[in-house]
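Numbering (my numbering), first residue to last: 1250 to 1941. Only one structure is covered here, and it is reproduced in the block below.
Right under this line is the structure:
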């Protein structure tokens, strides 16, 4: 035996004379010596073994024979040694401890495998692609990705798997079995790995660290997936459209866009989903359970992923970057959605009108146009909405919550989109450009409205009289002509006055509540209750007119003035008098006109008690008492108390008139007037005589 052995550090090594192989024990030496005489070959796969007992044990992998059964949980094993190892999971004995992190293990091999997470040792290498693994079992599993071998099949549905443990896990989807329970919160799981991952939510353990950015993860798969952000590796490709993905789960989710497969069904309402995550999120609409809370603001979430995404609003972390424009995002989903702006990909199509969309959420919202579905209802006023996001924004009108604040002027907004649009007033950013005239816009809605000027398109049609409009708002105003009951929707609780818009009502209510006028004009000292009012007023001093007509170039200080002016070009008159059926392009003109029929004069002079139907007429009349003449001629300095008088006066200075001033003739009696205002006053005498 001395020729076959050497003594070193109290350890005996046995050296075979034929092959010179060194073995650690005499047993292994005897086995190897025996192989020189006889080998035992498997008839099924051709694998060779030195002992017959080894061949018998191996053969059970083909016959699926597991003669050794656990009396506690009835789990069966092909080898007695495996059964003994399994028993240690029941007695909770963990005699093997990690020197680095102190974690305990029931078996030495578990400790060995775990220790490699600290040393990053990967002793097992694939001979085909040279990929390295820390465990031999992982290498064996990996080999099947090359051979595409799936020897294990489910008895229920016939689905095939590359590993036996995958069949066992999969089978629980049929039985609903969840044998693994969390000791902290009693939540149950069908897989032990899921329990281990879940348990880290309690311990906050993140044993896997990125070598590049040092970010830590609770799951090895999450680290592997994260690492591809640095390497830009996308090893998974779609067979249909050849799009590439960094992880297989995203490929599987994407593939269902082509197959329209929805394998996950809700037990309560039978709604189907393409992703299990979407089903789980949907379940919360039935249970309303929110088990994850933010440490910073204490907001609650149904899922940890939602909490993680939310947490980035506090840390401002944006780990996902676009390869094309380098724009960064906090969520990978947002990056994928953004990427379609470069590729122009629109994978989601409407079954009814075949319109295509880049986002599934946009398709879902669009589809509600066809179904007229409004599934989201306000608890306060019961108003219904097609989108939850619109409901959330609407709900803030009741709570007066404005969580989004401008970093420049501190103005607050109830929705994020409003903040983004407002911020462009500071940066002067106008990202939406017209291809025809090059004009730029800060809002996509304004760009779309403008584009209709070039196309002449009027997409909004009245169902009653077939009149068409280029703006939806114009159609809505027009529809009120046909249904007078819908004209006054907003009523003042103080005086009963009615308004068609909530904005108009809010402005009116300030006259009752005596709102503080905290905003003062530095030039003339005039006070305003709102900053926007002061901003508009300042344009009188600066002469600024930022809104101009695309057709004639006329400039306006306010957008509303431009909109009213545009009706001169289009000939649009959306406001009709119910009594005489006369049409007007301004609502204010219609209101004044209706007072002729009603003979209403609600504005009274405090000095002479003369009454007027319009506030502007009372203001004009007051100049008689005060002697004020605010309108001055720039040529000769003459002052007038009426703007119309100034306009008439300036015609004296105009030379080279090709024709005399056009006279205005009354259609009733033929009397002529030099001004339209004179004719208008005269016509009132006819209306009064008719009413009497």
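Idealized CB from N, CA, C, for every residue including glycine. These numbers come from a predicted model, not from an experiment.
Per DSSP, cross-strand counterpart(s) of residue i
i	result
residue 1297	1290
residue 1346	1353
residue 1914	1921
residue 1776	1769
residue 1514	1521
residue 1661	1654
residue 1549	1542
residue 1392	Paired residue(s): none; residue 1392 is not in a bridge.
residue 1318	1325
residue 1570	1577
residue 1804	1797
residue 1709	1718
residue 1402	1409
residue 1430	1437
residue 1825	1832
residue 1678	Partner(s): none; residue 1678 has no beta bridge.
For residue j and residue i, the rounded distance between their alpha carbons
i	j	result
residue 1477	residue 1592	21 Å
residue 1884	residue 1877	20 Å
residue 1623	residue 1614	10 Å
residue 1795	residue 1626	39 Å
residue 1655	residue 1701	32 Å
residue 1943	residue 1895	Absent from the structure is residue 1943, since the part of the chain shown begins at 1250 and ends at 1941.
residue 1636	residue 1528	19 Å
residue 1576	residue 1587	9 Å
residue 1449	residue 1433	11 Å
residue 1746	residue 1740	6 Å
residue 1709	residue 1605	21 Å
residue 1650	residue 1540	25 Å
residue 1674	residue 1792	19 Å
residue 1855	residue 1922	31 Å
residue 1412	residue 1531	32 Å
residue 1408	residue 1352	37 Å
residue 1779	residue 1768	7 Å
residue 1865	residue 1772	24 Å
residue 1731	residue 1713	8 Å
residue 1562	residue 1790	42 Å
residue 1846	residue 1618	41 Å
residue 1632	residue 1431	43 Å
residue 1775	residue 1453	60 Å
residue 1355	residue 1590	53 Å
residue 1927	residue 1642	50 Å
Residue from the options whose Cα sits closest to the Cα of residue i
i	options	result
residue 1309	1320, 1577, 1384, 1326	1326
residue 1720	1712, 1714, 1706, 1405	1706
residue 1416	1667, 1399, 1431, 1428	1399
residue 1436	1603, 1422, 1451, 1594	1451
residue 1359	1347, 1370, 1368	1347
residue 1646	1657, 1628, 1659, 1658	1628
residue 1871	1370, 1882, 1806, 1852	1852
residue 1459	1440, 1480, 1596	1480
residue 1370	1378, 1385, 1697	1385
residue 1498	1507, 1508, 1306, 1470	1470
residue 1777	1756, 1791, 1484	1756
residue 1390	1403, 1410, 1406	1410
residue 1639	1893, 1665, 1444	1665
residue 1307	1319, 1294, 1318	1294
residue 1869	1405, 1850, 1886, 1892	1892
residue 1913	1931, 1509, 1643, 1595	1931
residue 1514	1507, 1508, 1522	1522
residue 1492	1421, 1397, 1545, 1594	1594
CB-CB length for residue i against residue j, believed under 8 Å
i	j	result
residue 1551	residue 1533	4 Å
residue 1446	residue 1468	6 Å
residue 1842	residue 1831	7 Å
residue 1487	residue 1502	Not confirmed; about 11 Å, so no contact.
residue 1331	residue 1319	Between residue 1319 and residue 1331 the Cβ distance is about 10 Å, and since that is not below 8 Å, they are no contact.
residue 1723	residue 1823	6 Å
residue 1644	residue 1668	Not really, about 17 Å apart at Cβ, beyond 8 Å.
residue 1373	residue 1357	Incorrect: roughly 18 Å between the Cβ atoms, too far for contact.
Cβ-heavy atom distance, residue i to the ligand MG, below 8 Å
i	result
residue 1409	The ligand MG is not part of this structure, which contains no ligands at all.
Within the segment 1576-1658, note down every full alpha helix (DSSP H) run reaching 4 residues or more, in order along the chain.
At a cut-off of 4 residues, the continuous stretches assigned as alpha helix (DSSP H) that sit fully inside the segment 1576-1658 are 1581-1592, 1609-1620, 1637-1648.
Note down, one range per segment and in chain order, each alpha helix (DSSP H) of at least 4 residues found wholly within the segment 1443-1526.
The segment 1443-1526 is shown to contain whole alpha helix (DSSP H) runs of 4 or more residues at 1469-1480, 1497-1508, in chain order.
Inside the segment 1831-1900 only - beta strand (DSSP E) runs reaching at least 3 residues
Counting only runs of at least 3 residues, the segment 1831-1900 fully encloses no beta strand (DSSP E) element at all.
Please give me, in chain order, every unbroken run of the alpha helix (DSSP H) with length at least 4 that falls completely inside the segment 1357-1392.
Here the runs fully enclosed are 1357-1368.
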